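Here the protein sequences come in this chain order: A and B.
According to our numbering, the first sequence is numbered sequentially starting from 5.
According to our numbering, the second sequence is numbered sequentially starting from 316.
A short write-up of the structure that comes next.
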Amino acid sequence: MRTTNILVDYLARVEGETAFSVKVRNKRVIEAHLNIFEPPRFFEAFLRGRSYHEAPDITARICGICPVAYQMSAVHALEQAFGVHVEGQLRALRRLIYCGEWIESHALHVYLLHAPDFLGYADAMRMARVHPDIVKRGLRIKKAGNALMAFLGGREIHPINVRVGGFYHVPAKKDFAPLLEQLSWGREAACETVRWVARLPFPEFTQEYEFVALRHPDEYPFNEGRLVSNQGLDIAVNEYEDHFLEEQVPYSHALHSRLKERGAYFVGPLARYNLNFERLSPLAQEVAREVGFGPVCRNPFQSIIVRSIEMVYAFDEALRLIEAYEPPEQPFVDLHPRAASGCACTEAPRGILYHRYQIDEQGLIREARIVPPTSQNQKTIEEDLRAYVEQHLDTPKAQLTWRCEQTIRNYDPCISCSTHFLQLHLEQQ
Amino acid sequence: MQRRAKKPTLAVWKFASCDGCQLSLLDCEEELLEIASSIDIAHFPEASRAEVKGPYDLSLVEGSITTSRDAEHIQQIRRASRSLVTIGACATAGGIQALRNFQQVETFISAVYATPQYIQTLSTSTAISAHVPVDFELRGCPINHRQLLEVISAYLQQRKPAISSQSVCMECKLRGTVCVMVAQGIPCLGPVTHAGCGALCPAYQRGCYGCYGPKETPNTTSLSARWKRLGTSERDLLQVYRTFNAYAEPFRQESEAHES
Chain A
5 MRTTNILVDY
15 LARVEGETAF
25 SVKVRNKRVI
35 EAHLNIFEPP
45 RFFEAFLRGR
55 SYHEAPDITA
65 RICGICPVAY
75 QMSAVHALEQ
85 AFGVHVEGQL
95 RALRRLIYCG
105 EWIESHALHV
115 YLLHAPDFLG
125 YADAMRMARV
135 HPDIVKRGLR
145 IKKAGNALMA
155 FLGGREIHPI
165 NVRVGGFYHV
175 PAKKDFAPLL
185 EQLSWGREAA
195 CETVRWVARL
205 PFPEFTQEYE
215 FVALRHPDEY
225 PFNEGRLVSN
235 QGLDIAVNEY
245 EDHFLEEQVP
255 YSHALHSRLK
265 ERGAYFVGPL
275 ARYNLNFERL
285 SPLAQEVARE
295 VGFGPVCRNP
305 FQSIIVRSIE
315 MVYAFDEALR
325 LIEAYEPPEQ
335 PFVDLHPRAA
345 SGCACTEAPR
355 GILYHRYQID
365 EQGLIREARI
375 VPPTSQNQKT
385 IEEDLRAYVE
395 QHLDTPKAQL
405 TWRCEQTIRN
415 YDPCISCSTH
425 FLQLHLEQQ
Chain B
316 MQRRAKKPTL
326 AVWKFASCDG
336 CQLSLLDCEE
346 ELLEIASSID
356 IAHFPEASRA
366 EVKGPYDLSL
376 VEGSITTSRD
386 AEHIQQIRRA
396 SRSLVTIGAC
406 ATAGGIQALR
416 NFQQVETFIS
426 AVYATPQYIQ
436 TLSTSTAISA
446 HVPVDFELRG
456 CPINHRQLLE
466 VISAYLQQRK
476 PAISSQSVCM
486 ECKLRGTVCV
496 MVAQGIPCLG
506 PVTHAGCGAL
516 CPAYQRGCYG
526 CYGPKETPNT
536 TSLSARWKRL
546 GTSERDLLQV
556 YRTFNAYAEP
566 FRQESEAHES
């Protein structure tokens, strides 16, 4: 009997602290675990008793990479509770700030976290010694996303301008002028990015995934839509908890999420793309086709291409929204807190982010539930590790270990996000 | 023959946090490559799978101490670091997760210990300075990446960082923002909050909510009296000081003054 253990005790180039282990015995993988040891921070617990209006600022602190996602899920859930629907230009500005976050987060992952794997560098700084122009382009794209977030949000990390009902302050039409050149450059640079990443060497690896994402009748999804999958799921967001379940596993600080009916599922850019290709802008679709990429992709290593296509879309959409912008009469919609509960799901850069709040008659939060994308992908990540290792048992161990790391990084996991909902589960015991 | 001096080494460490402050280092977009060319980034797992063993000339520490394992780890980091700088509200004040410190008897902590075999956590979240000596504390939730660049440059040149310890009010004046509290009656924590953000919130028609923590010698009692005249309840005043820097001493004391 021959046993091999692949063990990495601190996975690099992901946001947060995780380890993983794969145990192989007699050419069979007997265990594949993502061991998330990031300490839990108990957000749901200390949201209790806080005023509803604090939710967007407090939940933003769950993640420094995708604070807008937390703010967007929080405000939409609370507005649903209070029976308010934010429309028109305020709705457009919310899409716009989300574009900034997708660009910033995707550029970070594509250039600084993921690309070095394909080219065999330990990091982007080392990659820059050989490919300085490519890394500089990536940093400049990232900067354009940050500029958009800072313009609308005040700053790129934990923006200060988002509130339940809208914004504290909205820009005048002319205020956008300094951004336009940067965003137009970014759109072209994102197209170049797609052409570049499409030429990277990809391992042959496809699985039968169940992709889950929002789907809106005519837009690529950010804040609205039904939850759909390629295996027949088609539900309203408020039915989320009827179909998805979370469970604790002894080796991880993050709960594992699964579909009650079918188990593991896959959220994020690849899921959005497979379920919404025809809703991408004509330019984004055209660039995809140009590099020979169709509407279906089941190779998670190629998520780097999909992230790049989504960057093209985000720049394109941002420019469209800015062109159509007229300042709204009020920066926010008036609302009246009431005892109610509300939920929302939005598309964080890494996939669907679900929030539910129960509010009392004074506007205080009685209960909060948050399900971030990374906890939803954990099972699929483990299944990928298992499948990849079983298909590549003859690969030298150091190389296989690096491939396992890459298998996890395909999902751009955000560990900081994934550990923050532990409290609710514990209280149910 | 003259030998090239060895480049100074930089290490970045993470404890309980959102990752945002170390992301600020990657947000130094074009400066990032310049930093990388003048210093040796020896330990920065969020950005690199390469690792150089210590000792390190400068360690940047993000996050607060919430587990016994981390309490030991920070001791090792201190021993391996010539200078140790904490970045952000978690590392300098315990962060928002320090809200647990006020609720030790409440159910959510005891519930954690109901499954000790799964979860290892301390009942408190504490600043790095509660465990080891710290050479400099950079404030903010999140930190300002311009200030981070200044701190890194200062330590590499072995000088004191030029970081203002004034209040947010001073930054409003410098920026030319009309005072939102005086002109519009919007409650604002600016007078007691440490500068560094550039006075963002008032520029967006919003009162400061204190994410940079207390300034030196803040008069929170006086500010709270002003907030009350603007109609803020005792209950809300308690919450106002209990956010991202809740366990920084002046904010902790002021929040406790409003406990009923």
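Backbone N, C-alpha and C define an ideal beta-carbon position, used for all residues, glycine too.
If you're wondering where the values come from, they're calculated on a predicted model, not measured in any experiment.
{"Check": "For B:Pro360, three-class secondary structure by DSSP", "Outcome": "coil"}
{"Check": "Spatially closest choice to A:Phe215 from A:Val26, A:Arg266, A:Tyr329, by CA coordinates", "Outcome": "A:Arg266"}
{"Check": "Outcome for B:Gly491 when other beta-carbon atoms lying within 10 angstroms are tallied against a minimum of 16", "Outcome": "exposed"}
{"Check": "Cα-Cα separation, A:Leu143 to A:Tyr115", "Outcome": "8 Å"}
{"Check": "A:Glu160: contacting residues in chain B (beta-carbon distance under 7 Å)", "Outcome": "Asp342"}
{"Check": "Residues sharing a beta bridge with A:Asp121, DSSP", "Outcome": "In DSSP, A:Asp121 forms no bridge with anything."}
{"Check": "B:Thr382: contacting residues in chain A (beta-carbon distance under 7 Å)", "Outcome": "Pro43"}
{"Check": "Beta-carbon spacing of A:Pro353, A:Gln93 below 8 Å", "Outcome": "no"}
{"Check": "When B:Pro533, B:Gly335, B:Ser396, B:Val483 are compared against A:Ser109, the one with the closest alpha-carbon", "Outcome": "B:Gly335"}
{"Check": "DSSP three-state assignment for A:Gln252, whether helix, strand or coil", "Outcome": "coil"}
{"Check": "Length at least 3, wholly inside the stretch 347-421 of chain A: the beta strand (DSSP E) runs in chain order", "Outcome": "355-363, 369-375"}
{"Check": "CB contact below 8 Å: A:Met76 versus chain B", "Outcome": "no"}
{"Check": "Inter-residue Cα distance where the pair is B:Gln317 and B:Arg394", "Outcome": "With a pLDDT of 47 at B:Gln317, under the threshold of 50, the modelled position of that residue is not reliable, and no figure is offered here."}
{"Check": "Any chain A beta carbon closer than 8 Å to B:Gly335", "Outcome": "yes"}
{"Check": "Check: B:Val367 C-beta below 7 Å from any heavy atom of the ligand HEM", "Outcome": "Ligands in the displayed structure: none, and consequently the ligand HEM is not present."}
{"Check": "DSSP-derived helix/strand/coil call for B:Arg397", "Outcome": "strand"}
{"Check": "The stretch 24-42 of chain A contacting the stretch 391-411 of chain A, beta-carbon criterion three pairs below 8 Å", "Outcome": "yes"}
{"Check": "Residues of the stretch 348-375 of chain B with Cβ closer than 7 Å to any Cβ of chain A, in chain order", "Outcome": "Leu348, Ala351, Ile356, Pro360, Glu361, Ala362, Ser363, Arg364, Ala365"}
{"Check": "Between the CA atoms of A:Phe122 and A:Glu290 - distance to the nearest angstrom", "Outcome": "25 Å"}
{"Check": "B:Ile424 - DSSP class collapsed to helix/strand/coil", "Outcome": "With a pLDDT of 45 at B:Ile424, under the threshold of 50, the predicted position of this residue should be treated as unreliable, though the coordinate-derived value follows. Three-state DSSP puts B:Ile424 in a helix."}
{"Check": "Residues from the stretch 440-467 of chain B in contact with chain A, defined by Cβ distance under 7 Å", "Outcome": "Cys456, Pro457"}
{"Check": "A:His260 - containing beta strand (DSSP E), residue span", "Outcome": "260-263"}
{"Check": "Chain B residues whose Cβ lies nearer than 9 Å to that of A:Tyr172", "Outcome": "Cys516, Tyr519, Gln520, Arg521"}
{"Check": "Span of the beta strand (DSSP E) around A:Ser25", "Outcome": "22-29"}
{"Check": "Rounded straight-line distance, which links the Cα of A:Leu97 to that of A:Glu91", "Outcome": "10 Å"}
{"Check": "Through-space distance from A:Val166 to A:Gln403, alpha-carbon basis", "Outcome": "45 Å"}
{"Check": "B:Leu373 - partner residues in DSSP beta bridges", "Outcome": "B:Leu325, B:Ser398"}
{"Check": "Interface partners of B:Lys329 on chain A, CB under 7 Å", "Outcome": "Glu21"}
{"Check": "Buried or exposed by the 16-neighbour rule on C-beta atoms within 10 Å, applied to B:Ser537", "Outcome": "exposed"}
{"Check": "Residue-chain proximity (B:Arg544, chain A), Cβ-Cβ < 8 Å", "Outcome": "no"}
{"Check": "Under the three-state DSSP convention, the category B:Thr439 falls into", "Outcome": "coil"}
{"Check": "Option in A:Gly149, A:Phe336, A:Leu100 with minimal Cα separation from A:Arg324", "Outcome": "A:Leu100"}
{"Check": "Cut-off 7 Å between Cβ atoms - residues of its own chain near A:Val139, not counting five sequence neighbours on either side", "Outcome": "Tyr115, Ala128, Met131, Ala132"}
{"Check": "Close Cβ partners of B:Glu564 (< 8 Å) along its chain, the five nearest in sequence each way excluded", "Outcome": "Pro529"}
{"Check": "For A:Arg144, the first and last residue of its enclosing alpha helix (DSSP H)", "Outcome": "136-157"}
{"Check": "Exposed unless 16 or more other CB atoms sit within 10 angstroms - verdict on A:Asn414", "Outcome": "buried"}
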